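Q: Numbers 1 to 346, taken from our numbering, label the letters of the sequence shown in order. Think of the CB as a built atom: it goes at the ideal place given N, C-alpha and C, for glycine as much as any other residue. From a predicted model like this one, the values you see are computed outputs, not experimental measurements. This structure is in structure tokens; I'll ask about it shortly.
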Amino acid sequence: MKNLNKIISIFAILSIALLAGCVEMSADQIASEMQKKYESIKDYKGTLVLSMSFDGESRESEMDFMYQLPDKSWMKITEGEGAEDIVVSNGTTMWLYNSTANEVTIMELPKTEMDNPSQADYGKIIKDMLKRNDIKMPGSEKIGDRDTFILELVPKNLTNATFFINQKLWVDKETWMPLRMETFDKDGKLMMTMEYRNVEFNTGIPDSEFEFKIPQGAKIVTKEITPPKETTLDEARGAVNFTVVAPEYLPEGYILDKVTVFKFGEIQSLSISYKNGDEMLSIYEANQSRNVPKGKFETVKIKGIEARYMESDFSKSLSWTWKGTEITISGTISKEELIKVAESIK
Numbered sequence: 001m002k003n004l005n006k007i008i009s010i011f012a013i014l015s016i017a018l019l020a021g022c023v024e025m026s027a028d029q030i031a032s033e034m035q036k037k038y039e040s041i042k043d044y045k046g047t048l049v050l051s052m053s054f055d056g057e058s059r060e061s062e063m064d065f066m067y068q069l070p071d072k073s074w075m076k077i078t079e080g081e082g083a084e085d086i087v088v089s090n091g092t093t094m095w096l097y098n099s100t101a102n103e104v105t106i107m108e109l110p111k112t113e114m115d116n117p118s119q120a121d122y123g124k125i126i127k128d129m130l131k132r133n134d135i136k137m138p139g140s141e142k143i144g145d146r147d148t149f150i151l152e153l154v155p156k157n158l159t160n161a162t163f164f165i166n167q168k169l170w171v172d173k174e175t176w177m178p179l180r181m182e183t184f185d186k187d188g189k190l191m192m193t194m195e196y197r198n199v200e201f202n203t204g205i206p207d208s209e210f211e212f213k214i215p216q217g218a219k220i221v222t223k224e225i226t227p228p229k230e231t232t233l234d235e236a237r238g239a240v241n242f243t244v245v246a247p248e249y250l251p252e253g254y255i256l257d258k259v260t261v262f263k264f265g266e267i268q269s270l271s272i273s274y275k276n277g278d279e280m281l282s283i284y285e286a287n288q289s290r291n292v293p294k295g296k297f298e299t300v301k302i303k304g305i306e307a308r309y310m311e312s313d314f315s316k317s318l319s320w321t322w323k324g325t326e327i328t329i330s331g332t333i334s335k336e337e338l339i340k341v342a343e344s345i346k
């Protein structure tokens with residue numbers, strides 16, 4: 001699946017970006033070294049175990065996977081009481097199989113610039129990571145039978161740390177791929193662990209593994225994926241089937257960054273991003289509601305309508321429905337400012 005290949009390539013970038021804290025290398029040199037290491041991997045397989053803890057609740061899922069670079073993937077995801085989902089992509093078609101419903105969703109994948117990870121702007125991503133984080137390399141350790149070095153990543157500005165507070169990675173010495181990652185909150189409490197187990201590289205996985213055989217009697221659903229499209233607010237209003245709204249008030253220093261339209265089958269959505277230096281404020285709008293994330297929330301009134309206010313170590317958010325449009329505003333600004341932005345929406 002292309003998005004997961006993108007994630008893996010970003011993880012590879014992260015490994016090398018972190019090493020730059022220990023070795024004097026230019027961004028171009030780091031990107032070149034990373035590309036050589038990453039391109040040496042033709043295929044790999046194993047199991048990914050994800051454990052999360054939030055507001056006293058723990059959740060674990062397991063994913064068996066096979067990848068053939070640059071764009072073929074097979075995943076079997078198990079969560080809870082053993083329910084399984086299978087996701088297979090041969091690079092042009094994706095199959096999503098829900099074993100509980102015995103339903104297969106088939107999608108033709110659009111071509112994007114990220115189909116080939118080597119097209120990513122490595123230098124820009126690396127420089128941004130080095131700018132935002134302090135890096136430590138406390139030692140080395142084995143993960144399974146793989147030799148790894150341990151890296152610690154801490155945002156330089158903890159007050160404005162939006163995406164995570166502290167991360168610890170165990171990076172494979174041969175491939176520079178993270179085999180384990182731990183994420184901690186601002187109090188040092190473990191929030192999430194990702195670990196790759198029984199990982200094998202370059203075993204010669206055949207193309208046939210990335211063709212899905214539809215089970216007998218399964219319901220088949222076909223959906224169209226449209227690549228995300230950057231546009232303007234005026235153009236977006238004519239591109240989606242719901243009322244597009246925007247705030248008249250923004251906190252000091254925030255300016256419009258980009259507007260992006262997403263279409264996935266019957267689901268249409270819009271993302272409006274504002275920025276103030278490194279700080280982001282995002283407005284998500286859609287023609288149907290998303291699943292409410294787990295966690296505690298406070299009910300507040302926006303234009304007389306009940307909205308859910310949630311706060312975490314990562315960000316603050318407000319979600320509500322107005323004029324048939326599902327709206328979520330998220331960012332690191334104060335609760336009072338977030339409500340002020342929401343109240344100004346028209």
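At 4 residues or longer, what runs of the alpha helix (DSSP H) sit wholly inside the stretch 314-346?
A: Those alpha helix (DSSP H) runs which fall completely within the stretch 314-346 and span 4+ residues are 335-343.
Q: Could you tell me how far apart the beta carbons of Ser273 and Phe262 are, in whole angstroms, since I believe they sit closer than 8 Å?
A: Taking the sequence shown and counting its residues from 1, one reaches residue 273 at position 273. Taking the sequence shown and counting its residues from 1, one reaches residue 262 at position 262. In fact, because the Cβ distance is near 13 Å, the residues do not count as touching under 8 Å.
Q: Return the first residue and the last residue of the alpha helix (DSSP H) that Leu233 is part of.
A: Stepping through the sequence shown from its first residue, residue 233 is reached at position 233. Leu233 to Arg237 is the span of the alpha helix (DSSP H), which, as asked, contains Leu233.
Q: Using the rule of at least 16 other Cβ atoms within 10 Å of the residue's Cβ for burial, across every protein chain shown, is Ala83 buried or exposed?
A: Residue mapping note: residue 83 aligns to position 83 of the sequence shown, counting from 1. When all chains shown are included, Ala83 counts as exposed.
Q: For Ser208, collect the residues of the same chain with a Cβ closer than 7 Å to its Cβ; drop the 5 residues on either side in sequence, then sort them by chain order.
A: Along the sequence shown, one-based indexing puts residue 208 at 208. The answer is none, since no qualifying residue turns up.
Q: According to DSSP, is Glu211 helix, strand or coil?
A: The residue you call residue 211 lines up with position 211 of the sequence shown. If DSSP states are grouped into helix, strand and coil, Glu211 belongs with coil.
Q: Please list, in chain order, all residues of the same chain as Glu79 whose beta carbon is under 7 Å from its beta carbon, the five residues on each side excluded.
A: Residue mapping note: residue 79 aligns to position 79 of the sequence shown, counting from 1. So the qualifying residues of the chain are Ser61.
Q: So, helix, strand or coil for Trp176, using DSSP?
A: Residue numbering aside, residue 176 sits at position 176 when the sequence shown is read from its first letter. Three-state result, Trp176: coil.
Q: What span of residues does the beta strand (DSSP E) with Leu153 cover, start to end?
A: Numbered from its first residue, the sequence shown carries residue 153 at position 153. Residues Arg146 to Pro155.
Q: Below 8 Å between beta carbons: does that hold for Ala347 and Ser315?
A: No information on residue 347 is available, as it lies outside the stretch 1 to 346 that the chain covers here.
Q: Counting along the chain, where does the beta strand (DSSP E) carrying Lys301 start and finish?
A: In the sequence shown, counting from the first residue as 1, residue 301 sits at position 301. Lys301 -> beta strand (DSSP E) spans Glu298 to Ile302.
Q: At which residues does the beta strand (DSSP E) containing Asn102 begin and terminate?
A: For the purposes of this step, residue 102 is taken as the residue at position 102 of the sequence shown. From DSSP, Asn102 is part of no beta strand (DSSP E); its letter is neither H nor E.
Q: Suppose contacts are defined by Cβ-Cβ distances below 8 Å. Is Tyr97 in contact with Phe201 by that definition?
A: Along the sequence shown, one-based indexing puts residue 97 at 97. Along the sequence shown, one-based indexing puts residue 201 at 201. For Tyr97 and Phe201, no; Cβs fall outside 8 Å.
Q: Out of curiosity, what's the CA-to-CA distance linking Arg146 and Asp172?
A: Your numbering for residue 146 matches position 146 in the sequence shown. Your numbering for residue 172 matches position 172 in the sequence shown. The alpha-carbon atoms of Arg146 and Asp172 are separated by roughly 7 Å.
Q: For Phe242, which beta-bridge partners are listed by DSSP?
A: As a first step, residue 242 is located in the sequence shown; it is residue number 242 there, counting from the start. DSSP, once it has assigned bridges, lists no residue as partnering Phe242.
Q: Starting from Ser61, follow the beta strand (DSSP E) in both directions and report where the run begins and ends.
A: Counting from one through the sequence shown, the residue named residue 61 turns up at place 61. Taken as a continuous stretch (DSSP letters only), the beta strand (DSSP E) holding Ser61 covers Glu57 to Gln68.
Q: Express the C-alpha separation of Met177 and Ser40 in angstroms, rounding to a whole number.
A: Indexing the sequence shown from 1 puts residue 40 at position 40. Indexing the sequence shown from 1 puts residue 177 at position 177. If I take the Cα positions, the gap works out to 12 Å.
Q: Give me the Cβ distance between Thr93 and Glu108, rounded to the nearest whole Å; I'm assuming they're in contact under 8 Å.
A: Residue numbering aside, residue 93 sits at position 93 when the sequence shown is read from its first letter. Residue numbering aside, residue 108 sits at position 108 when the sequence shown is read from its first letter. With a Cβ gap of about 6 Å, Thr93 and Glu108 count as contacting.
Q: So, with DSSP's three-state summary, where would you put Asn276?
A: If you number the sequence shown from 1, residue 276 lands on position 276. Reduced to three states, the DSSP call for Asn276 is strand.
Q: Three Cβ pairs or more, each shorter than 8 Å: is that satisfied between the stretch 328-339 and the stretch 274-284?
A: In short, these stretches touch, since the Cβ pair count reaches three.
Q: Output the distance between the C-alpha atoms of Lys142 and Val49, rounded to the nearest integer angstrom.
A: Residue numbering aside, residue 142 sits at position 142 when the sequence shown is read from its first letter. Residue numbering aside, residue 49 sits at position 49 when the sequence shown is read from its first letter. In a straight line, the C-alpha of Lys142 is about 17 Å away from that of Val49.
Q: Excluding the 5 residues preceding and the 5 following Gly253 in the sequence, name in chain order all residues of the same chain whose CB lies nearer than 6 Å to its CB.
A: Counted from its first residue, the sequence shown places residue 253 at position 253. Once the five neighbours on either side are set aside, the close Cβ partners of Gly253 are Asn276.
Q: Do Ala286 and Glu224 come within 8 Å of each other at the CB atom, strictly closer than that value?
A: Locating residue 224 in the sequence shown gives position 224, where the first residue counts as 1. Locating residue 286 in the sequence shown gives position 286, where the first residue counts as 1. Taking 8 Å as the Cβ cut-off, Glu224 and Ala286 do not qualify as a contacting pair.
Q: Thinking just about the alpha-carbon of each residue, which of Leu233, Met310, Lys213 and Arg180 is nearest to the one in Asn349?
A: This structure leaves residue 349 out entirely; the chain is present only between 1 and 346.
Q: Would you tell me roughly how many angstroms separate the C-alpha atoms of Thr193 and Ile135, rounded to the nearest one?
A: By 1-based counting over the sequence shown, the position of residue 193 is 193. By 1-based counting over the sequence shown, the position of residue 135 is 135. Cα to Cα, the separation comes out at about 19 Å.
Q: Does Tyr196 pass the burial test, meaning 16 or more other C-beta atoms within 10 Å, or should it be called exposed?
A: Counted from its first residue, the sequence shown places residue 196 at position 196. With 16 or more Cβ atoms within 10 Å of its Cβ, Tyr196 is classed as buried.
Q: Specify, as a first and last residue, the run of the beta strand (DSSP E) that Thr260 falls within.
A: On the sequence shown, residue 260 is found 260 positions in, with the first residue counted as 1. Its beta strand (DSSP E) spans residues Ile255 to Phe264.
Q: So what does DSSP say about Gln167, is it helix, strand or coil?
A: The count along the sequence shown starts at 1 and reaches residue 167 at position 167. In this structure, Gln167 counts as strand in the three-state DSSP scheme.
Q: Identify whether Tyr284 lies in helix, strand or coil by the three-state DSSP scheme.
A: The residue you call residue 284 lines up with position 284 of the sequence shown. Tyr284: strand per DSSP, three-state reduction.
Q: Would you report the Cα separation of Ile267 and Phe242, rounded to the nearest angstrom?
A: Start at 1 with the first residue of the sequence shown, and residue 267 comes out as number 267. Start at 1 with the first residue of the sequence shown, and residue 242 comes out as number 242. Cα to Cα, Ile267 sits roughly 11 Å from Phe242.
Q: DSSP beta-bridge partners for Thr183?
A: For the purposes of this step, residue 183 is identified with residue 183 of the sequence shown, where counting begins at 1. Note: Thr183 sits in a beta bridge opposite Gln167 and Met192.
Q: Which two residues bound the contiguous beta strand (DSSP E) that contains Thr78?
A: Residue mapping note: residue 78 aligns to position 78 of the sequence shown, counting from 1. Thr78 -> beta strand (DSSP E) spans Lys72 to Glu79.
Q: Quick one: Cα of Trp170 to Cα of Gly91, how far?
A: The count along the sequence shown starts at 1 and reaches residue 170 at position 170. The count along the sequence shown starts at 1 and reaches residue 91 at position 91. Distance between the alpha carbons of Trp170 and Gly91: 29 Å.
Q: Relative to the C-alpha of Lys186, which candidate in Ala218, Lys156 and Ile339 has its C-alpha closest?
A: For the purposes of this step, residue 186 is taken as the residue at position 186 of the sequence shown. The residue with the shortest Cα to Cα distance from Lys186 is Lys156.
Q: Under the DSSP definition of a beta bridge, which residues are partnered with Ile86?
A: Counting from one through the sequence shown, the residue named residue 86 turns up at place 86. DSSP, once it has assigned bridges, lists Lys76 and Tyr97 as partnering Ile86.
Q: Thinking just about the alpha-carbon of each residue, which of Pro247, Ser312, Pro206 and Ser58 is nearest to the one in Tyr67?
A: For this step, residue 67 is matched to residue 67 along the sequence shown. Ranking Pro247, Ser312, Pro206 and Ser58 by Cα distance to Tyr67 puts Pro206 first.
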